[in-house]
Amino acid sequence: MADALAEFTVADPEYYAPLDSAAPEGDVLAPGRPAEGWRESRGGVWTMWRRPGMAALPADGWKVHVSARQSRLGAVLDTVADVCFAQDVAFKHLSTDRIYWWTHRKHASRPQSGKFIAAYPVDVEAARRLMEALREALDGEQGPLILSDRRYRGSGTVHYRYGAFRGRDRLEADGTRVPLTRDGHGQEVTDRRGVSFRLPDGITDPFAERAAEPAGRREGPVVLRGFTVAAAIVHSSGGSTYEGTEVATGRRVFLKEARPHHGLGSGETDAVARLDREWRTLTALHALDPGLAPEPIARFRAGGHEFMVTEFIEGKSLNHLPPTSHPLLMAGTGPAEYAAYYARCERVLAAIEDALDRLHALGWTFMDVSPTNVIVTPDDGIRLIDFETAHETGDTSVRMGTPGFFPPQAIVDRDGPSAYDDYGLSGLVQSLLGSVLHTAGHTPDALTHFHRDLTERAPVPDVLWKRSTRYLPPSEAPALPSPEEVAADPLRHLADLRDAVAAGILAAADAEHPLRTFPTVPLGHATNTLCVAYGAAGVLHALHRCGVPAPDGALERLRREALADAGKLAPGLHVGLAGIAWVLADHGLLEEARSLLDTADAHPLAAANVTLFGGAAGLAMGHLALHRHTGDAHHAERAHALLAAQPDGEDLVPRLGRDDATGLLHGRAGLALAYQQFARITGDTSFLAQGVRLLHAELDRATDPDAAGLLFPVSTEDKRAMPYLFCGSAGLVHVAARYLRTAEDERLADAMPRLLAPLHGTYTVLPALLAGTAGYAFTLAEHGLLTGDETSRTGAVRAARALYKHAVPHHGTVRFLGMGLQRFSTELWSGSAGVLLALDQVLAPRADLLFTLDTPAEE
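In terms of UniProt numbering, the sequence shown opens at residue 1 and continues consecutively.
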């Protein structure tokens, strides 16, 4: 997740944007001796070189990649360019040295890291000639290993892989695209750009010096210099970490890998340099105070990578403690559970302080005090791990740490080097309490609202609170009302918050932006910026339903681009055509909506995928929405055909989201909603019994069927237990409440209080509608509307108040951090549009704010 997010935080300091949209910072890279007639063209982060009149590239072939060390970029580029010019081979290279650094730093993309130059020879013999010439010309040069490729005949820089030359892809139901190439039989298959060399079926390597072992055929465990590698722990561009065993003794060990010339820091500092530094640190500390740091065991080179082996620390990182133990996340907890949890926090923190005191007494600073670098042992002791940035007092060469736990330079200047560990320790306390750490970095006043939220459930010990806020004191004149003011008159202040959120969305909009109208999250850029979940349609829907005029040009741009790109979009409701059509129809653009639904009907995903998010259930809902607008029976007939085509039982699983997903958007609940809404619109109840069975099947997936609050895993592979709208308890409430209005069902009725219970908690990482606090507020308000339940209505107001702890004031408006919490966003899924919709539902509860059809058309 961190690697994927990092790629979208380079181009813009406020909003997520693709790396290739960044301004060309740094020194421009270009061949020093361009051949006559060759022309360059820049696209994204790459500069392409071709000669006019050159033969068109084949669709697929053997790509030649050349890597280089940072200090040798110019020399390597000149050498490669000369060879490519001479052999008439088109090539491209990274455009600036700054882009090179971004694509080779520690948290860069692993498949991309190492690729500096890519050349496109037209056939096997051209590739062989090119690589032979490059191997000879670059003899003695060293560069990063490219994980997706093979090195050519021992070269330190020349690599190759088979794949597509001219980009083409396959659209998935979740809106993402899978790159394609042709296999040896002429069939389109996935072009795997991963972290290992893989060939499509029927393609053999013509350059291998000996028969290579087929991918995936390795027998038995990997053994490196007497250590068995059992399982990967964390991957990064600079190298991965593993759990393993010392073969001679059977002792469990921890292995840390460093890839030469990857994982760049400042200057030429790479992952290997940092591993060397850490090895020296651990060796020194083990001699001074055994047990303070992990015991160093071995240091060696294998397979071109560097490794360090240390003792394996039993336990789990500190960031596991709040989600598994904090009473905020558990239904039915009270003061006793909070008191026990706070006491445990104090014990753990005292142990961390003791370890840091021991380190400081030896004249060392840890530097990167963060939850992932503290292991809580089974007896609630602690061990510090990852001494990559630890250094002796007075050493100023290392200045890096985890965002949110690393002090601003102004604090270091004021308090001195001790601020590094003290600031991190303060952040640890915040994380244990469940604090909104990233929001507090923008506005410390958010912590006052968080404190009030905690205090209403159980008082926080003063000693913990003071330590958590040492570096983040509240402002003397906060821009937003105090928690006491909000509690005294919640509806007035929630109305003010709603208006400020709407103003923030309008202020961030830009109908002329080259990539999007409204700021979105990385998934918006990876799918499309038009859709309901991540794009303009969702934001315009929220503004329209809340009575806020859309910014000039926004609706017209959505209409124009949706019609132009209809063939590129999935058919479903949240990431595709059905949702965009619904929004356009609500704005009176009925012909455009019909056109988009016609295109969606012809899409193969309408038959292959059943989900509300991207498949048939969402498309059926789009048709029902247009039927309600127009009365045209065609749309009801299409909805019926789509829903009648769905299988039952296990046959449905391949049509759901990945790994038999649960929930509203990717699971059975979304199809159940479509069945219920069809009955509501047409009066045909023939699908309702099947819908009830689907909801029962979702209930069967509860992580603990007897718990006071029911939670559900995301899928069979993703075991995270979620209470959210998109995949968990809130989504089931959203659907089951509608079924219980239609027919009696004892199991759904018995489950409803326990489905609702998690939604009365107010601790979420995100403020999001689909995956956070706003979703709790929306679902409780809607449940109160549908059932008259006063407890839900009261809970909705309380959840809405909790949104103040995520709110960031900005020039008289309010913004919210989107998915990943690194940048602000306005989209419906996790950003301001979703918060706006939830606040409006709490303030003025009414039907159909979130793409349902409960009210007749005339209403």
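Each residue gets a CB set at the ideal place from its N, CA and C atoms; glycine is no exception.
- Judged by DSSP in its simplified three-state form, Ala302 adopts strand.
- Rounded to the nearest whole angstrom, the C-alpha separation of Arg560 and Gly553 is 10 Å.
- The Cβ-Cβ distance between Gly26 and Asp97 falls below 8 Å.
- Within a 10 Å sphere around the beta-carbon of Asp191 sit 16 or more other beta-carbons, which makes this residue buried.
- DSSP places Ile99 within a helical segment (H, G or I) once states are collapsed to three.
- Residue state for Lys316 is assigned as strand, using DSSP reduced to three classes.
- Buried is the label assigned to Lys256, since at least 16 other Cβ atoms lie within 10 Å of its Cβ.
- DSSP places Lys568 within a helical segment (H, G or I) once states are collapsed to three.
- Residues of the same chain with a CB within less than 6 Å of the CB of Gln430, apart from the 5 flanking positions on each side, are Leu437 and Ser468 in chain order.
- By the neighbour-count criterion, in which 16 or more other beta carbons inside 10 Å mark a residue as buried, Leu356 falls on the buried side.
- Counting only runs that start and end inside the stretch 146 to 176, the beta strand (DSSP E) elements of at least 3 residues fall at 158 to 164 and 169 to 171.
- Burial state of Gly291 is exposed, judged by a 10 Å Cβ sphere holding fewer than 16 other Cβ atoms.
- Where Gly43 is concerned, the enclosing beta strand (DSSP E) starts and stops at Arg39 to Gly43.
- Per DSSP, Met400 lies in no beta strand (DSSP E) segment and is marked neither H nor E.
- Burial check for Val223: the Cβ neighbour count within 10 Å stays below 16, so the residue is exposed.
- Counting C-beta pairs closer than 8 Å gives fewer than three between the stretch 295 to 311 and the stretch 322 to 340, which falls short of the contact rule.
- CA-CA distance, Gly524 to Arg358, rounds to 47 Å.
- Residue range Thr773 to Thr787 is occupied by the alpha helix (DSSP H) that includes His783.
- In the three-state scheme derived from DSSP, where H, G and I count as helix and E and B as strand, Met752 is classed as helix.
- Between the alpha carbons of Val835 and Val501 lies a gap of roughly 8 Å.
- Residue range Pro490 to Ala508 is occupied by the alpha helix (DSSP H) that includes Val501.
- Between the stretch 668 to 686 and the stretch 725 to 740 there are three or more inter-stretch CB-CB distances shorter than 8 Å, so the stretches are counted as touching.
- Taking the Cα positions, Glu136 is about 11 Å away from Val83.
- CA-to-CA, the gap between Pro323 and Phe405 works out to about 19 Å.
- Phe405: not part of any alpha helix (DSSP H); DSSP gives it neither H nor E.
- By the Cβ test, the stretch 120 to 128 is not in contact with the stretch 276 to 293, since fewer than three Cβ pairs between them sit closer than 8 Å.
- Excluding the 5 residues flanking it on each side, Tyr776 has same chain C-beta neighbours closer than 6 Å at Leu759 and Ala799, in chain order.
- In this model, Thr249 and Thr228 are separated by some 11 Å (Cα to Cα).
- Residue environment: Arg492 is assigned as exposed (fewer than 16 neighbouring CB atoms within 10 Å of its CB, all protein chains considered).
- In this structure, His627 lies away from Asp586, with their beta-carbon atoms at least 8 Å apart.
- Between Gly156 and Gln142, the C-beta gap is smaller than 8 Å, which places the two residues in contact.
- Apart from sequence neighbours up to five positions away, the residues of its chain that approach Arg105 with a beta-carbon distance below 6 Å are Leu264, ordered along the chain.
- Pairing Glu512 with Glu591, the inter-Cα distance amounts to about 25 Å.
- One Cα belongs to Tyr15, the other to Glu7, and the distance between them is close to 12 Å.
- Inter-segment contact for the stretch 803 to 815 and the stretch 503 to 510 is present: three or more beta-carbon pairs are separated by less than 8 Å.
- About 5 Å separates the beta carbon of Ala593 from that of Leu584, a gap short enough to meet the 8 Å contact definition.
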